[in-house]
Structure formats: C-alpha cells, structure tokens
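Have a look at the structure below before the remarks.
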Ligand SMILES: [Zn+2]
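Residue numbers (the working numbering): 44 to 224.
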C-alpha cells in the first residue's frame, strides 16, 4: 500500500471540516518561515500555524540557499502585484534545529560521497553541515545581510528549535536587516 492511500484518507477527514476556502493569498502573520524539511520540524505544529498564517520554505537544513533567495525575489515581485496595501512587508524567520541530519555532512567520508553526487567540492559540502544550529542560524542571517536585493527594512530573525523538548529559542532577535541612515 502506498502512503498516498493514507494521505488521501486523512485528507477526506480534513476536508469534512474545511472552512478556509475564502482565505486571501497574503499570509495573515505577514511572515515567511525558512526551515529544515525534517519531519520533526513542521512549523504548523511547532508554531501552531493555521492555514493562511505564514509562507513556509523548507529545504535540507533550513539554509538560505540560492534557491531560497530566488523564492524571496519571486515573492517580492508577487507581493507588489497583489491588490491591497502595497506596503505589506513580509517578516523573515529562519529556524534551524538540534539533531539536524545535516550534521552528518561534517563527516569527511560523507562529504566525499556527497561531493561526488552533487558535483560540489568537499569544502562546499562541509559548509552545509549543521552541527551548531545557533551558529548556523547566525551565519544564515549574515548571508541575508550580504545579499543585495533583500530590502534593508525587512525584519529578520533567527531561531533554534530543540527537537528533544519542543522549545524554540531566539538566537537573533527580530530587527531590520540593515541599519538605514
Ligand atoms: Zn534538519
């Protein structure tokens, strides 16, 4: 039996009580969450998100990758094209977590394997390892700061989720990306 059978059965229960057909596209909390694809780190559960609350971008580790930067650029264009207050500013929250599978990329043997598969250098793979989520989330915020095109006034923050106790700690408090003169 495919997992799809389970997913469709759960969807039918979900759809029985569905009452969110009139949600607007802009997220209610005006927030984008970037986090890891780990099954234990689902923002809907961790932050009690309802449908329509937030945009969520997930990848291995929750890194700000070139793909994430491209999504942010697309969102910027779409947000300015939507009806309503054009000043809607999306806040960006980056969430890394403890016990991330990306910690394995710190192992030189795995770095070699991954480098071959992905066509990257072992150093590039090593840079994707997450062994200290507080440090990596700070690194991600710095990467955002160094990226031209992300608005100065965008409020960004960095959080770490502990998969052992369910608690999220603030590592980089919310603040505009860059100080403006
Ligand atoms: Zn992870």
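Using N, Cα and C, we set each Cβ at its ideal position, and we do this for glycine too. These numbers were taken from a predicted model, which means no experiment stands behind them.
Original post:
DSSP three-state call for residue 101: helix, strand or coil?
Top reply: In the structure shown, residue 101 sits in a strand (DSSP, three-state: E or B).
Original post:
Between which two residues does the alpha helix (DSSP H) containing residue 78 stretch?
Top reply: For residue 78, there is no enclosing alpha helix (DSSP H); the residue is part of the beta strand (DSSP E) that begins and ends at 74-79.
Subject >> DSSP beta-bridge partners of residue 201 >> reply: Looking at the DSSP assignment, residue 201 forms a beta bridge with 137, 215.
Original post:
Quick one: Cα of residue 196 to Cα of residue 74, how far?
Top reply: Computed Cα separation, rounded: 14 Å.
**OP:** Kindly confirm or deny that the stretch 133-153 and the stretch 163-182 touch, where touching means at least three C-beta pairs closer than 8 Å.
**Re:** Here the stretch 133-153 makes contact with the stretch 163-182; the two share three or more CB pairs at distances below 8 Å.
Subject >> Own chain residues within Cβ distance below 6 Å of residue 94, not counting five before or after >> reply: Correct list, in chain order: 63.
Original post:
Counting pairs of beta carbons, one from the stretch 98-111 and one from the stretch 177-195, are three or more of them closer than 8 Å?
Top reply: The stretch 98-111 is in contact with the stretch 177-195.
**OP:** Go through its chain and collect everything with a Cβ distance to residue 206's Cβ below 8 Å, but skip five positions before and after it.
**Re:** Excluding positions up to five away in sequence, the list reads 81, 83, 84, 140, 141, 142.
**OP:** Put residue 196 into one of helix, strand or coil per three-state DSSP.
**Re:** If DSSP states are grouped into helix, strand and coil, residue 196 belongs with coil.
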